[in-house]
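Have a look at the structure below, then the notes.
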Amino acid sequence: MKHARYSVLAALGLVLLSAPAMAQSNAPIRFGDGSSSYQTQQDMQDQLSRQSARVVDLEAEISRLTGRIEQLEYRLSESENAREQLQEDFRSLNERIDTINARLAAGASSVNSGAATTGQPRPSFQQVAPEVPTGPRNIQTRDGSVRYTQPGRPETAVPNTSPDGQAALFGGRATTGSTQSAPFARGPDGRLPEGSLGTLPASQLPGEAGALYELGRNRLLNFDYTGAEQAFRAFLDEFGDDPQAGEVHYWLGEVLYQEGDYEGSARFLTSFVRDFPEDPRRADGVVKLARALVEVGDTNRACQFLSRIDQIGDVSARTMQAANVQEQLAGCN
């Protein structure tokens, strides 16, 4: 009996001793260093999921910001290109303005130096031009016409502009008191004599008005003033009624000015501004005419022409600036 009691107590003791171990086997597994902040496996998985989602969000944000940065860099590059182009345009514009100012200053200086020399033609307005032979000489005749002569060449007559020997300012073509003889004597076949236009035989000059006009322009651009004068005079002789005759008067006036024949230049430019009112170069012709008149000392007529330049119509700012320079040189009120 006593032995059976001890057996029951021993069995109960074993049950009591195994109960904590069984309870521990049913508890969730914990991870940690033994401190009070244990984490379960489920908590760890939830945290990893949240962190993964956060990483995905950050990557998307980084991608968006990268695209934004690329757009800003492109716009900045375009702005830099536009700024550089604008600066280049400003530099080009300043260079052109400096070039124009330098030409105006050189022209004023050249005119002043010529005005200071009495009775002596001043050097060519374009300093870079080579020296050229003197152009035709003019001789005033009793009937008011002017004959141009060169040694060994036929004479050519340019009419006076009015019966009293004074050119009208802005009138029509002269009908009385003016005659025009042929610039060159012609042979029986009606052709100009060989060699009458200088080194180039007359028969080799272009026969069409446009080609002859271009020949004169090309010679002028190459500073061949003598050759340009010959071509332009031949044009007026052959095609005096051509629509380009006004332009030829204008350029012939410029050629004679460059050759130092200021009186001849003034005559052709007077004819240009008087007889070709529709020519777009008319305002420039007035300025060039005043420039030639200043050279010959006829400042009164120069001022008269310049004072009426506003009657022409639309005049560019550049032309008005040149007219103001000539007014100062002529001493206009």
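Under numbering that gives the first Met the number 0, the first residue of the sequence shown is numbered 0, with each subsequent residue one higher.
Don't be surprised by glycine CBs; every beta carbon is placed ideally from N, CA and C.
Being a predicted model, the structure only gives us computed values, none of them experimental.
If you draw a straight line from the C-alpha of residue i to the C-alpha of residue j, how long is it?
{"i": "THR225", "j": "GLU253", "result": "12 Å"}
{"i": "ASP274", "j": "SER78", "result": "54 Å"}
{"i": "LEU328", "j": "GLU207", "result": "41 Å"}
{"i": "ALA52", "j": "GLU58", "result": "10 Å"}
{"i": "ASN80", "j": "ARG95", "result": "22 Å"}
{"i": "ALA265", "j": "GLN325", "result": "14 Å"}
{"i": "PHE304", "j": "LEU220", "result": "28 Å"}
{"i": "THR98", "j": "LYS287", "result": "20 Å"}
{"i": "ALA166", "j": "ALA301", "result": "Interpretation of ALA166 is limited by its pLDDT of 39, a score under 50 that renders its predicted location unreliable; the figure taken from the coordinates is listed afterwards. One C-alpha to the other measures close to 12 Å."}
{"i": "GLN41", "j": "ASP56", "result": "23 Å"}
{"i": "LEU47", "j": "VAL54", "result": "10 Å"}
{"i": "LEU103", "j": "THR318", "result": "11 Å"}
{"i": "LEU64", "j": "ARG49", "result": "23 Å"}
{"i": "ARG67", "j": "ARG82", "result": "22 Å"}
{"i": "VAL247", "j": "LEU71", "result": "60 Å"}
{"i": "GLN243", "j": "THR269", "result": "16 Å"}
{"i": "GLY296", "j": "ALA289", "result": "10 Å"}
{"i": "THR155", "j": "GLN229", "result": "Residue confidence for THR155 is low, a pLDDT of 37 falling below 50, so the modelled location carries little weight and cannot support an answer."}
{"i": "GLU277", "j": "GLN257", "result": "25 Å"}
{"i": "ARG280", "j": "GLU69", "result": "55 Å"}
{"i": "SER315", "j": "SER62", "result": "59 Å"}
{"i": "LEU85", "j": "ASN100", "result": "22 Å"}
{"i": "ASN332", "j": "SER91", "result": "37 Å"}
{"i": "ASP236", "j": "ASN93", "result": "44 Å"}
{"i": "ASP313", "j": "SER306", "result": "15 Å"}
{"i": "ASP88", "j": "ASP240", "result": "44 Å"}
{"i": "THR39", "j": "GLU60", "result": "32 Å"}
In the DSSP assignment, what residue or residues form a beta bridge with residue i?
{"i": "THR269", "result": "Paired residues: none, contrary to the question."}
Under a Cβ-count criterion, where at least 16 other Cβ atoms within 10 Å of its own Cβ denotes burial, should residue i be classed as buried or exposed?
{"i": "LEU75", "result": "exposed"}
{"i": "VAL293", "result": "buried"}
{"i": "TYR73", "result": "exposed"}
{"i": "LEU255", "result": "buried"}
{"i": "ASP223", "result": "buried"}
{"i": "GLN44", "result": "exposed"}
{"i": "SER195", "result": "Note that SER195 scores 35 on pLDDT, short of 50, meaning its location in the model is unreliable; the coordinates nonetheless yield the value given after this. When all chains shown are included, SER195 counts as buried."}
For residue i versus residue j, is the C-beta spacing smaller than 7 Å?
{"i": "TYR212", "j": "PHE234", "result": "yes"}
{"i": "GLY215", "j": "PHE231", "result": "yes"}
{"i": "ALA291", "j": "TYR261", "result": "yes"}
{"i": "GLY284", "j": "VAL272", "result": "yes"}
{"i": "ALA322", "j": "ILE308", "result": "yes"}
{"i": "GLY259", "j": "THR298", "result": "no"}
{"i": "ALA210", "j": "ARG218", "result": "no"}
{"i": "LEU251", "j": "PHE267", "result": "yes"}
Would a check of beta-carbon distances place residue i closer than 7 Å to chain B?
{"i": "GLU94", "result": "Judged by its chain identifiers, the structure shown contains no chain B, having just a single protein chain."}
Tell me whether residue i, by its Cβ, gets closer than 6 Å to a heavy atom of the ligand PLP.
{"i": "ASN299", "result": "Annotation note on the ligand PLP: not contained in the displayed structure, which lists no ligands."}
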